[in-house]
Structure formats: C-alpha cells, structure tokens
Amino acid sequence: MPIRSSLFEPSGSDPVANAVNWITDTMLGSVAISLCVLAVAYVGLMMLTGHLSARVALRVILGCFVLLGAPVLASALMGLISQETAAPQAYVASPNTELGPREELPPADYDPYAGASHRSD
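Counting from 206, one number per residue, gives the positions in the sequence shown under my numbering.
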C-alpha cells in the first residue's frame, strides 16, 4: 500500500500566519480608527474644559498618526534597509483628450416638496 505524500505535507495555509494577519488587520483597521476617533474626541473635550495641556494633546495626535501610519512607516523603514526593492511609483493618469465638451443638461423640473404645501381642509 503506497503512502500518499499529501498526508505528510502541510496544508496550504499556516494557522499562525493567518492568526497574525487577522490580528494585524483588526488592530490597523476599523478598531484603530475607532480608537483614534475616541481619543481625539476625549482630548478635545478635556482641552475644552481646561483639564489637559497642549503637550499631552499633541502626544495623543502623534500616537494616532503613528498607529494609522504604521504600515507605511514599516515599509519605508524596510525600504531603507533593503535597497533592492524600489519604491512603488505613483500612477498618473493621462488626460483624456478624446472627449469633447459636455452637452448642455436639461433643467431639473422635479421638486419633491411641490405637493407638501397643499392643505386639503
């Protein structure tokens, strides 16, 4: 009875890598944005009432920039370390000269509130 090689090969996905990717996506996604919004709102409220200095407020704002810009900062630092990978070039769309001027649009005659003022007493 031959032994199938697929029994000894790992499956296509690595569970540890999947877990790390999930945590990274969660912490740098909507959770991070929500935390930054709450932190900035709290800082604004505390500064409005006079209970917070500008230095602490700037630290919170800088922390939000670092948290939300972490992927960009990490790729920039990795680019400095390894010079083999070139920075991605920004895409510049060429202007489309084939289109002519836009034709005149008809006037908008629709008024959703036109019948709202009619009383039927």
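For each residue, glycine too, the CB sits at the ideal point set by N, CA and C.
Endpoints, the alpha helix (DSSP H) within which residue i is located
| i | result |
| --- | --- |
| L310 | That residue, L310, is in no alpha helix (DSSP H); it is neither H nor E in DSSP. |
| V329 | No statement about residue 329 is possible, as the shown extent of the chain runs from 206 to 326 and does not include it. |
| G284 | A275 to I286 |
| A319 | Element bounds for A319: n/a, residue is neither H nor E. |
| D219 | No alpha helix (DSSP H) holds D219; DSSP gives it neither H nor E. |
Proximal residues to residue i (C-beta, below 7 angstroms), its chain only, five neighbours per side dropped
| i | result |
| --- | --- |
| C269 | C241, A244 and V245 |
| M252 | A262 |
Per-residue DSSP class, three states only, for residue i
| i | result |
| --- | --- |
| P300 | coil |
| L257 | coil |
| A262 | helix |
| A295 | coil |
Euclidean distance between Cα positions of residue i and residue j
| i | j | result |
| --- | --- | --- |
| D219 | G234 | 22 angstroms |
| G274 | E303 | 39 angstroms |
| R307 | S299 | 19 angstroms |
Sub-8 angstroms separation of residue i and residue j beta-carbons
| i | j | result |
| --- | --- | --- |
| A262 | V277 | no |
| A237 | L272 | yes |
Same chain only: Cβ atoms within 8 angstroms of residue i, ignoring 5 sequence neighbours per side
| i | result |
| --- | --- |
| L285 | none |
Sequence-distant residues of the same chain with beta carbon closer than 6 angstroms to residue i, five excluded per side
| i | result |
| --- | --- |
| V265 | A244 and V248 |
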